[in-house]
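Working notes for the structure below.
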Amino acid sequence: MADELLDPAPMTPPAAPEAVTVILSVAGDGQIKWVAGDVRRLIGWSPDELVGAPLTTLIPKRFQESHTEAFGRFVASGELRMGGRALTLPARRPDGGECDVELLLAGTEGIADRAVVGVLRPAREDGTDEATLPSAIRTRIRDLISADRPVAEVVGAALTPICETLGWAIGVVWAVDPWTDRLHALHVWEREPGRHAAYVEATRRSRFAAGEGFAGTVWRTGRPWWSDDAATEPGFHRAPMAGQCGLHSALFFPILAGSGVIGMVELLDERRRGVDAGTHHAAWALANELGRLLGERLRRETERMHRQRLELALTAAGAGMWTFHIPTGQVTWDALLEEAHGVPIGSFEGTFDAFVERIHPEDRAATLATIEAAVQAHSRFEVGYRTEGDDGVLRWIEGAGMPLLDDAGEVYVMTGVGRDVSARVRDRELLERRATNAALAADVGRALVAVGELDDRLQRTVEAIVAHLDVAFARVWTLRDGSETLELRASAGMYTHLDGGHSRIKVGMYKIGRIAHRRKPHVTNDVLNDGEISDPEWARREGIQAFAGYPLLVGERCVGVLGVFAHHLLTDDVIGALASITNSVAVAIGQDEQSRRALDLLEETRRQREYAEELLADRHRVASVLQASLLPPELPEVEGAEIAAVYRSGVEEVGGDFYDVLPLGGMRWGFMMGDVCGRGPEAARLTALARHTLRTALLLGRRPAGALSALDTALHATDNDGRFCTATCGVLTFDGGELRVHVGVAGHPPPLIARADGSVYDVVRSGPLLGVVPNAQFGEHALGLSTGDVLLLYTDGVIEAHGADGLYGMDRLRSEFAVRRGGTAKEIVEGLLVTVSEYDDMVTRDDLAMLALRRV
């Protein structure tokens, strides 16, 4: 029997001597068209006074607005929401007083397009019929409300007489929570506390949106709902708990206030019962009185919630509110906005001119233009400006505003919010500076390691400095070993020529020469008053404000000077960025000095080999600074084969693992993989030496064993501090469709080969360590690769990875290699890297490398 009360039939009011019938026409403005009955005896008005008057004549002022809205809805829709229901409400008397009457409404046709018939009768208090209970409830609620007691206490006390008198087991008053816009149980009454604990607990936890289940439907439609067996209703969310507790009958009535539903009354009982007239009148009396007397409270609570939510949101966002009254120029700031501007609370002057004075001069015009445009366009605006607070701190303020229009459509008030976003701006600037410095370091690194003449690489370096740091111009002078004259090698920015009065500078002369002589940087943000600047008039004419010069040192030797001139102050970040790249530039210049003789030195005497060792040391320093020479930037294409490599660095200092693949001319390619003992700068120095030596030997035509011998000799010739090296070196030859491999191993884990038939085995046994035994002999092994065969080189970081089962080991590596041998070279090494890394549980991991060559 659910929904039986959702669409009630019109009720025909019983005739009574005191009944008065009032007909209202839709054609007019809600005027009373006809009065029948002794209206004067009922409410003090004569028929002549009422006919032609608006119905609001009979309605107390506090209810007129809600009546107008409800009547307007009826005119528009024809739906009479309260039709057929007896309502007890106050009527206004001619003397301004009030008297309670019962009103029954029904729609009618024929008087006008639409009309309403209302039957008025006295609200009876004699205790003889069903009207007694609504009147008592109404009086009880009014007494509670007038005492200004808490809402939950009021509705709890109001439920008691209804539920006890009518014999209901449970009564609930639901209200709309303005914070969540959901119905929640404001109060739950139980005839026998604890008897229906599961249902009561479920009710207290429940929250319903409009239209959700029966409770939400009553809220959305404003129509009651009832059932004589709620436990079986599929749309009743708490039906399982109702059945568990033996509850069957359920009645829901909406609580109306103004034009909307603000809550709901719920009644339940174990008996299967209908809704008699007493229950009907009692529930409506409670719902009507709660709506009429609590509506204003709930409205105030909603407004307070909205204000509190706005204040909390603004406080959480660190935003303050402002108002600008345009006719008077008065501006009000709240405490949060004063705090955002660095103004002591309560000290803001309160005028638009005072606000303008607090805007940074460089931002003032743009800010005022934005506000003026918003006033003209009657539109929302956003501004961002700097301001200096009374504490002397420069802040960034971000704000937004909206105009309010008067009756003439002109802007008379603007209001909005503002907040201090200085931290965000500083963080963004810091990130931008870091990004700039990182981009500068990357571009300088790429420039210095590029193939080409030194002058070209230095020119690309100074161009990167000018582009990233926004300086006027940058230059590099170099100083040849044993020379006393600095030569201008690169210039970018304002000046790009390499001739003129400063193209050659004696060491000790001018600021550039003195930097080279002293081997110390010189930085100033006040060029005009700096005694080191030889031509302040030129600086004034060109607007030069700052200068930074750095000696380019390789060890204790100065190989040049980097000089930068700027029209603006050089910040600490810019100075730090310049200082960080000087070592890279210096080492690149030193490398260039040595590289021009590298191949010749490899073939000269021991003295020349020792000098070549110094060259390799210098090359190492370039690699450690630029972090680019231990591993190749990319692998070359190999005829008839796929080749791929992976590298995982350790978590502490730089390690000694390296690999390389290089074309040797014709259809020959060299490849290598090695590992220098230890970590840190010395290991990296020997790594660079080993890789360069093997590359040079292979390029000079040596076989793998000869290349290993050359590296062994070089290691014995250098101060290796007891360090040794392991390496695998090989040559690939593609001849007439056959891919041949010659490979030699010196103390290194032996390469693995996976054949197309599924077998996996070591290619060759390892030879002696490099740099340990004088005059060591190294062998090599030759093999052919057929389609699908894969050759794998790896460092000991792979097999020495430590996990729950101990070392990763050769057996596990062979097994995983066999599983992945069918993939591409890239898939093989990347898959193995994932497997090893997941197995490795060491906090301090070793670096590792793998190189795969697959015949296609």
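Heads up, the sequence shown is in the working numbering, so the first residue is 148 and it goes up one at a time.
The beta carbon of each residue, even a glycine, is placed where N, CA and C say it ideally should be.
In this structure, the alpha-carbon of A791 lies about 25 Å from that of A830. L940: member of the beta strand (DSSP E) spanning 937-941, first to last residue. Remark: fewer than three beta-carbon pairs, one from each stretch, lie closer than 8 Å, so the stretch 881-888 and the stretch 955-965 are not flagged as touching. Beta bridge pairing from DSSP links K653 with T632. Cα atoms of G565 and G556: separation of roughly 26 Å, rounded to the nearest angstrom. Across the set E786, I206, I179, R505, the C-alpha of E786 shows the shortest separation from the C-alpha of M814. By the C-beta criterion, the stretch 615-624 is judged to be in contact with the stretch 697-717, since at least 3 inter-stretch pairs fall below 8 Å. Under the 10 Å beta carbon count, K658 is surrounded by 16 or more other beta carbons and is classified as buried. In the three-state reduction of the DSSP assignment, M388 falls in the helix class, which pools H, G and I.
For H664, the three-state secondary structure derived from DSSP is helix. Boundaries of the beta strand (DSSP E) harbouring L415: 407-416, taken from the DSSP string.
With contact defined as three or more Cβ pairs closer than 8 Å, the stretch 344-353 and the stretch 384-392 are in contact.
Straight-line measurement puts the Cα of A835 at about 44 Å from the Cα of G678. For M957, the uninterrupted alpha helix (DSSP H) segment begins and ends at 956-967. Counting only runs of at least 4 residues, the stretch 503-534 fully encloses the following alpha helix (DSSP H) elements, listed from N- to C-terminal order: 508-524.
Secondary structure remark: continuous alpha helix (DSSP H) runs of at least 4 residues inside the stretch 471-498, in chain order: 482-487. Collapsing the DSSP output to three states places I179 in a strand. For A614, the enclosing alpha helix (DSSP H) stretches over residues 601-616. In the DSSP annotation of this structure, C876 is not part of any alpha helix (DSSP H); the continuous beta strand (DSSP E) holding it starts and ends at 872-882. CA-CA distance, V734 to A521, rounds to 58 Å. Apart from sequence neighbours up to five positions away, the residues of its chain that approach C824 with a beta-carbon distance below 6 Å are R870, F871, ordered along the chain.
Within the same chain, Cβ atoms closer than 8 Å to the Cβ of T971 are found at E789, A791, R1001, the five residues on either side in sequence being excluded.
Apart from sequence neighbours up to five positions away, the residues of its chain that approach W480 with a beta-carbon distance below 6 Å are W469, F495, ordered along the chain. A direct Cα-Cα distance of roughly 12 Å separates R826 from R992.
Shortest Cα-Cα distance from E740 to any of A547, A948, P851, D628 involves D628. In chain order, P783, W816 place their CB closer than 6 Å to the CB of P810, counting only its own chain and leaving out the 5 sequence neighbours on each side. With a beta-carbon spacing of about 4 Å, R580 and D720 fall inside the 8 Å limit used to define contacts. Between the stretch 513-520 and the stretch 529-537, the count of Cβ pairs shorter than 8 Å is three or higher; the stretches touch.
Shown here for L633: same chain residues with a beta carbon closer than 8 Å to its own, the five before and five after excluded, namely W624, T625, L626, R651, I652, K653, V654, I659, G660, A663, G707, V708 in chain order. For F805, there is no enclosing alpha helix (DSSP H); the residue is found in the beta strand (DSSP E) stretching over 804-812.
Counting only the Cα atoms, G421 lies some 29 Å from R329. In the DSSP assignment, W816 falls within the beta strand (DSSP E) that extends over 815-823.
S396: not part of any alpha helix (DSSP H); member of the beta strand (DSSP E) spanning 396-404, first to last residue.
Restricting attention to N922, T875, L879, G969, the CA atom closest to the CA of S906 is found in G969. Here I680 carries a coil assignment [DSSP, helix/strand/coil]. When rounded, the separation of the alpha-carbon atoms in Y697 and F818 is 40 Å.
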